[in-house]
Ligand SMILES: Cc1cc2nc3c(=O)[nH]c(=O)nc-3n(C[C@H](O)[C@H](O)[C@H](O)COP(=O)(O)OP(=O)(O)OC[C@H]3O[C@@H](n4cnc5c(N)ncnc54)[C@H](O)[C@@H]3O)c2cc1C
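Numbering (the working numbering), first residue to last: 28 to 407.
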């Protein structure tokens with residue numbers, strides 16, 4: 028039998044995250060959004076508070092949480108601000124490949140520093156001409172004796188250039204070798220030849236940093252190759268199969284915030300002689316929101332629970348991201364509608380929630396890509 032009851036420990040941690048969000052994230056969110064600033068102080072606070080490195084095993088100084096607890100906490104953090112939560116999601120994306128494919132020596136050397144200070148990790152696959160089609164990556168890694176020489180450009184990289192560790196996917200095979208020609212490498216921020224290009228000015232999710240990274244003759248020792256040559260595509264897909272659940276959890280947080288704001292407002296705002304929520308059209312919108320949030324959370328928790336059984340299910344991960352991301356987009360649009368003209372103004376949190384929600388349908392594989400993942404598994 029499966030229980031949907033949280034354990035006492037999970038309830039306690041949820042409470043801690045909720046207080047952290049209320050005290051540290053919500054008061055700072057509007058300014059971080061306005062200035063497009065990384066929440067560096069909040070991350071430092073989270074590290075000291077014991078709310079950082081959620082999925083990093085304890086042996087490397089992390090919290091070593093199970094995925095279900097990770098989902099519960101990410102929902103709380105994203106409730107405060109999706110851009111701030113991007114720091115957690117970005118690190119999960121950057122650290123998972125090494126947890127999956129690193130040798131013991133690589134894990135010791137690259138992961139232990141993350142337990143000692145609030146550091147960032149980056150997952151670098153997207154390029155100007157390789158977005159949904161990862162097999163089109165053009166960045167090259169040429170082997171010369173005991174080193175690889177990396178050349179190319181990555182873009183839209185969360186924590187790009189500010190990360191201590193960049194997991195870089197580059198082509199070791201022939202130019203037309205497709206997915207089979209990709210290999211993963213671990214590259215530090217201060218590697219000579221690594222530079223930061225354009226820092227993106229985004230519509231939403233503005234408290235997260237994404238940038239272009241340029242590799243010009245970056246020398247990477249063979250010992251920093253992650254997995255064997257040609258395994259890069261597999262490592263990247265296995266990573267996304269696990270981290271999409273985190274995006275689903277963040278989406279539930281954004282959706283819940285929009286719904287709760289709208290519910291509260293609908294009780295205060297009186298039109299035609301009664302509060303908005305007493306008009307059936309508004310009450311039904313709220314009923315749909317509440318239902319979609321429960322359904323989305325159920326899928327996210329199921330995907331997380333499956334991973335905790337040691338059996339990540341790519342289909343469930345994609346379903347969780349797809350459903351929760353679309354629910355967050357729809358709910359933020361409808362919640363803003365309940366605020367009417369006020370929702371369109373910057374004084375209220377609704378327009379930010381709506382701008383933020385859009386990214387949930389794009390990164391870590393667009394919603395079309397999620398449907399490709401799901402349909403490939405239900406039709407094979
Ligand atoms: C805020 C943000 C953070 C990001 N962080 C990272 C990161 O940390 N690391 C990283 O590597 N990348 C990152 N990305 C990149 C992101 O993963 C890509 O933007 C995304 O995968 C889509 O690629 P694209 O933008 O090139 O769109 P394209 O692939 O060009 O797609 C354009 C449109 O066509 C659709 N489409 C494409 N192919 C098909 C098809 N076969 N069938 C149907 N529809 C299709 C897409 O769904 C989309 O709607 C980030 C992007 C953003 C905006």
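Every residue, glycine too, gets a C-beta built ideally from N, C-alpha and C.
Whether residue i touches residue j by CB criterion (9 Å)
i: residue 109; j: residue 386; result: yes
i: residue 188; j: residue 223; result: yes
i: residue 177; j: residue 168; result: yes
i: residue 114; j: residue 69; result: yes
i: residue 275; j: residue 327; result: yes
i: residue 272; j: residue 94; result: yes
i: residue 80; j: residue 88; result: yes
i: residue 184; j: residue 237; result: yes
i: residue 323; j: residue 289; result: no
i: residue 147; j: residue 186; result: yes
i: residue 104; j: residue 280; result: yes
i: residue 391; j: residue 209; result: no
i: residue 219; j: residue 192; result: no
Cβ neighbour criterion (16 or more within 10 Å) applied to residue i
i: residue 397; result: buried
i: residue 318; result: exposed
i: residue 336; result: exposed
i: residue 3; result: With the chain covering only 28 through 407, there is no way to say anything about residue 3.
i: residue 270; result: buried
i: residue 383; result: buried
i: residue 159; result: exposed
i: residue 407; result: exposed
i: residue 249; result: exposed
i: residue 229; result: buried
i: residue 379; result: buried
i: residue 102; result: buried
i: residue 311; result: exposed
i: residue 255; result: exposed
i: residue 367; result: exposed
i: residue 155; result: exposed
i: residue 198; result: buried
i: residue 52; result: buried
i: residue 329; result: buried
i: residue 203; result: exposed
DSSP beta-bridge partners of residue i
i: residue 122; result: DSSP, once it has assigned bridges, lists no residue as partnering residue 122.
i: residue 167; result: 178 and 198
i: residue 301; result: 298
i: residue 262; result: Its beta-bridge partners do not exist; DSSP assigns none.
i: residue 149; result: 193
i: residue 185; result: 237
i: residue 252; result: 212
i: residue 5; result: A question about residue 5 goes unanswered here, because the residues of the chain that appear run from 28 up to 407.
Span of the alpha helix (DSSP H), counted from its first residue to its last, around residue i
i: residue 213; result: From DSSP, residue 213 is part of no alpha helix (DSSP H) but of the beta strand (DSSP E) over 209-215.
i: residue 107; result: 94-107
i: residue 244; result: Residue 244 -> not in any alpha helix (DSSP H); beta strand (DSSP E) instead, spanning 237-248.
i: residue 335; result: 307-335
i: residue 352; result: 341-366
i: residue 402; result: 394-406
i: residue 142; result: 131-143
i: residue 54; result: 53-62
Start-to-end residues for the beta strand (DSSP E) that takes in residue i
i: residue 76; result: It is not in any beta strand (DSSP E) - residue 76 instead sits in the alpha helix (DSSP H) that spans 67-76.
i: residue 224; result: 221-226
Heavy atom of ligand 2 within 8 Å of residue i beta-carbon
i: residue 181; result: Annotation note on ligand 2: not contained in the displayed structure, which lists ligand 1 as its ligands.
Rounded Cβ spacing between residue i and residue j (contact assumed at less than 8 Å)
i: residue 239; j: residue 181; result: 7 Å
i: residue 100; j: residue 126; result: Actually they do not touch by this definition, with Cβ atoms about 18 Å apart.
i: residue 252; j: residue 212; result: 6 Å
i: residue 278; j: residue 231; result: With a Cβ gap of about 13 Å, residue 278 and residue 231 do not count as contacting.
i: residue 313; j: residue 299; result: In fact, because the Cβ distance is near 17 Å, the residues do not count as touching under 8 Å.
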